[in-house]
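Asker: Our numbering applies: residue 941 is where the sequence shown begins, and numbers increase by one.
Just so you know, even glycine gets a beta-carbon here, dropped at the ideal spot from N, CA and C.
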Amino acid sequence: MAAKKETYTEAMKKLEAIVAKIEGGELDIDQLGDSLKEAQKLIKFCKDKLYKADEEIRKMLDDSHGSEE
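1. Is DSSP giving leucine 955 helix, strand or coil here?
2. Roughly how far, in whole angstroms, is the beta-carbon of lysine 961 from the beta-carbon of serine 975, given that I think they are within contact range, below 8 Å?
3. With a 10 Å radius around its C-beta and 16 neighbouring C-beta atoms as the bar for buried, classify arginine 998 as buried or exposed.
4. Rounded to whole angstroms, what is the Cα-Cα separation between alanine 951 and methionine 1000?
5. Assign leucine 990 to buried or exposed, taking buried as 16 or more other Cβ atoms, counted over all protein chains shown, within 10 Å of its Cβ.
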């Protein structure tokens, strides 16, 4: 069975949970390193999603302006 594709919202919730643990001092040094690696992956995932959405919106706006002429 294929893994469910993660959404932007799910990734942000995971990232917020990691930040809360770091700020709360809940992680030991080993967990901190692993959590920072995971946070880095989540940030990249979210950035990619935002860039893709931005490109799609710009394309739609360009297309709609072109069809009005």
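Answerer: From the atom records:
1. The answer is helix: DSSP assigns leucine 955 an H, G or I state.
2. 7 Å
3. By the neighbour-count criterion, in which a residue is buried when 16 or more other Cβ atoms sit within 10 angstroms of its Cβ, arginine 998 is exposed.
4. If you draw a straight line from the Cα of alanine 951 to the Cα of methionine 1000, it is about 26 Å long.
5. exposed
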